[in-house]
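K.L.:
Following UniProt numbering, the numbering of the sequence shown begins with 1 at its first residue and continues without gaps. From the three backbone atoms N, C-alpha and C, an ideal C-beta is built for every residue, glycine too.
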Amino acid sequence: MNKNSTITLKGQENFDKILQSILGEQQERKDIVLRVTLDPPALCPACNKGKLHKHGILKKNRKPRERKIRHAFLYGRWIFLSWVPVRYKCYHCHKTYTLRPPDTIPWARFTKLGVQTVVYYAQRMSFTYAAQILNLTPSRVIKLLDKYIQFGLPADDTQEPIVLTLDELSFSGNDFVCVVGRLEPDKRPLTILGDDRKATIKAYLEGLKKAGVKVEAVVIDMKDSWRKLIKAIFPSARIIVDPFHVIQDANRRLNEARKIEQEASKENIPRLPLLKAKEKLTPRQQQQLEEIKNKYPSLYELYQLKEDLRQIIKMDRVEEAEIALSRWLINAECAENVEGRVWARTIKSWRSEILNLVRYTQQGRRYTNGYIEGKNTLSKMLKRLSFGFRNRNHFIKKIFLGCCPQNLIPQLLT
Ligand SMILES: [Zn+2]
Numbered sequence: 001m002n003k004n005s006t007i008t009l010k011g012q013e014n015f016d017k018i019l020q021s022i023l024g025e026q027q028e029r030k031d032i033v034l035r036v037t038l039d040p041p042a043l044c045p046a047c048n049k050g051k052l053h054k055h056g057i058l059k060k061n062r063k064p065r066e067r068k069i070r071h072a073f074l075y076g077r078w079i080f081l082s083w084v085p086v087r088y089k090c091y092h093c094h095k096t097y098t099l100r101p102p103d104t105i106p107w108a109r110f111t112k113l114g115v116q117t118v119v120y121y122a123q124r125m126s127f128t129y130a131a132q133i134l135n136l137t138p139s140r141v142i143k144l145l146d147k148y149i150q151f152g153l154p155a156d157d158t159q160e161p162i163v164l165t166l167d168e169l170s171f172s173g174n175d176f177v178c179v180v181g182r183l184e185p186d187k188r189p190l191t192i193l194g195d196d197r198k199a200t201i202k203a204y205l206e207g208l209k210k211a212g213v214k215v216e217a218v219v220i221d222m223k224d225s226w227r228k229l230i231k232a233i234f235p236s237a238r239i240i241v242d243p244f245h246v247i248q249d250a251n252r253r254l255n256e257a258r259k260i261e262q263e264a265s266k267e268n269i270p271r272l273p274l275l276k277a278k279e280k281l282t283p284r285q286q287q288q289l290e291e292i293k294n295k296y297p298s299l300y301e302l303y304q305l306k307e308d309l310r311q312i313i314k315m316d317r318v319e320e321a322e323i324a325l326s327r328w329l330i331n332a333e334c335a336e337n338v339e340g341r342v343w344a345r346t347i348k349s350w351r352s353e354i355l356n357l358v359r360y361t362q363q364g365r366r367y368t369n370g371y372i373e374g375k376n377t378l379s380k381m382l383k384r385l386s387f388g389f390r391n392r393n394h395f396i397k398k399i400f401l402g403c404c405p406q407n408l409i410p411q412l413l414t
């Protein structure tokens, strides 16, 4: 059927017939093969002088075998490209060529579009399910991703300064991987490091430096070891603290204090009124918070510190944030609860990284490492999935795919 022809639909019957004429009779999942004939170029592409002539087959007395590779997936079927490889030789410069269709990879079983198709499905569902839909074995899907998914910076893209982000992702207990992404010049995951050990991260950062990558800034969690590492390798990079982690850390402290208070008073203190954002509390939770305020003033003091800190990291003017942060530190140091002083020490040590966050926000560049869409869902899904992965590398490829925004097909190795 010509792609430009118009179809006039007269009810369901007609439509079925048209589909049948495209797909052939209803044989379930029968593959479609497109035979490709390859015409050699008129002149040799190498010397532009000689004409190309058919050049014998590598193995004598044997007919060249037809090559058949997966190209596209339509209506639940694979469309194959098939051709007979023919070798040509230039009589002028003696170069030989084996012609193959454009966008095919030598010896690969899938065209680039074919690989992209598999990646597209594997990005959105489990390997097993993708394999079922694509009529492939799961191990075939995994092998393809292993072979073609590329970690690292996009090619020829090391000139512009980048904003890096480092983040841990846990998938079982204390087993972490480290997701490295960039937020400038565009948002994308770059790699997944197999663990979060200092040596692993160091080796990766040193690799970037060696490749000539210019790092303008790095967004991280409040981890002192990471900060030291980055300062040592990229001394001029600005370090920005990730606002999500500041709140996460605040909530962890608050929750610990709540448990201690609960233990001492032998009374249940509800968790959510304290941890939820103030503006999101239900009337009932507001009331519970009011009770906490009256009954446990030192716990409420920590709550107030958490809410104040939330306001500070949302600010978009450095001078304003500087004043607020100084006031916050005084309040924390004077807090009745000892946790206030411990907390103040941490925030004081991360003062300039918090102000960097505000500084960039002031420039209209709000950086967080929450660029991974639905990260919590992803993390939970991966925990479940990971039981099905005997090979850690496969698991890491799967996380990497999961981290890629769905409109971004990761770079493919060819
Ligand atoms: Zn030639």
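Would you please state the rounded distance, in angstroms, between the beta carbons of P161 and E216? I believe it to be under 8 Å.
P.N.:
Taking the sequence shown and counting its residues from 1, the one referred to as residue 161 is at position 161. Taking the sequence shown and counting its residues from 1, the one referred to as residue 216 is at position 216. Yes, they are in contact, since the Cβ atoms of P161 and E216 sit about 4 Å apart, within 8 Å.
K.L.:
Alpha carbon to alpha carbon, how far is Q132 from V84?
P.N.:
The residue given as residue 132 occupies position 132 in the sequence shown. The residue given as residue 84 occupies position 84 in the sequence shown. C-alpha separation (whole angstroms): 30 Å.
K.L.:
Name the residue from V163, D195 and T368 whose alpha carbon lies nearest to the alpha carbon of N174.
P.N.:
On the sequence shown, position 174 is the one that residue 174 refers to. Checking every option, the nearest Cα to that of N174 belongs to D195.
K.L.:
Please tell me whether F127 and V141 are closer than 7 Å, where the distance is taken between their beta carbons.
P.N.:
Along the sequence shown, one-based indexing puts residue 127 at 127. Along the sequence shown, one-based indexing puts residue 141 at 141. Going by C-beta atoms, F127 is nearer than 7 Å to V141.
K.L.:
Going straight from the alpha carbon of T111 to that of V119, what length do you get?
P.N.:
As a first step, residue 111 must be located in the sequence shown, where it is residue number 111. As a first step, residue 119 must be located in the sequence shown, where it is residue number 119. In a straight line, the C-alpha of T111 is about 12 Å away from that of V119.
K.L.:
When every heavy atom of ligand 1 is checked, does at least one fall within less than 6 Å of the C-beta of A46?
P.N.:
The residue given as residue 46 occupies position 46 in the sequence shown. Yes.
K.L.:
For the beta strand (DSSP E) holding E184, just list the boundary residues, first then last.
P.N.:
Translated into positions along the sequence shown, residue 184 becomes position 184. Unbroken beta strand (DSSP E) run through E184: D175 to E184.
K.L.:
According to DSSP, is R189 part of a helix, a strand, or is it coil?
P.N.:
In the sequence shown, residue 189 corresponds to position 189, counting from 1. The residue asked about is misnamed: residue 189 is Pro in this sequence, not Arg. Of the three classes helix, strand and coil, the one that applies to P189 here is strand, per DSSP.
K.L.:
Can you pull the DSSP bridge partners for T165?
P.N.:
Position 165 of the sequence shown, counted from the first residue, corresponds to residue 165. Answer is G181 and V219, bridged to T165.
K.L.:
Is C90 near ligand 1, going by C-beta to nearest heavy atom under 6 Å?
P.N.:
Here residue 90 corresponds to residue number 90 of the sequence shown, with the count starting at 1. Yes, since a heavy atom of ligand 1 falls inside the 6 Å radius drawn around the Cβ of C90.
K.L.:
Within 8 Å, do at least three Cβ pairs link the region 310-327 to the region 347-358?
P.N.:
The region 347-358 vs the region 310-327: in contact.
K.L.:
So the candidates are F395, L401, K398 and Y367; which of them puts its Cα closest to the Cα of R182?
P.N.:
The count along the sequence shown starts at 1 and reaches residue 182 at position 182. Out of F395, L401, K398 and Y367, Y367 has the C-alpha closest to the C-alpha of R182.
K.L.:
Could you tell me if the beta carbon of I51 falls within a distance shorter than 6 Å of some heavy atom in ligand 1?
P.N.:
Within the sequence shown, residue 51 is the residue found at index 51, counting from 1. The residue asked about is misnamed: residue 51 is Lys in this sequence, not Ile. Every heavy atom of ligand 1 is 6 Å or more from the Cβ of K51, so no.
K.L.:
How far does the alpha helix (DSSP H) with F127 in it extend, from its first residue to its last?
P.N.:
By 1-based counting over the sequence shown, the position of residue 127 is 127. Segment F127 to L134, the alpha helix (DSSP H) holding F127.
K.L.:
Here's the rule I'm using: 16 or more other beta-carbon atoms within 10 Å means buried, otherwise exposed. How should L122 be labelled?
P.N.:
Counted from its first residue, the sequence shown places residue 122 at position 122. Checking the sequence, you will find Ala at residue 122 rather than Leu. Buried, by the Cβ-count rule.
K.L.:
Near F400, what residues of its chain come up, given a Cβ to Cβ distance below 8 Å and the 5 sequence neighbours on each side ignored?
P.N.:
On the sequence shown, position 400 is the one that residue 400 refers to. Hits under 8 Å: I149, F151, P189, T191, I192 and P410.
K.L.:
Within a Cβ cutoff of 7 Å, which residues of the same chain sit near Y303, ignoring the five residues on either side of it in sequence?
P.N.:
By 1-based counting over the sequence shown, the position of residue 303 is 303. Answer for Y303: L254 and L274, listed in chain order.
K.L.:
When you measure from the CB of K214 to every non-hydrogen atom of ligand 3, does any distance come out below 6 Å?
P.N.:
Absent from the structure shown: ligand 3. Ligands present: ligand 1.
K.L.:
How big is the Cα-Cα spacing for M125 and E339?
P.N.:
Counted from its first residue, the sequence shown places residue 125 at position 125. Counted from its first residue, the sequence shown places residue 339 at position 339. Cα to Cα, M125 sits roughly 44 Å from E339.
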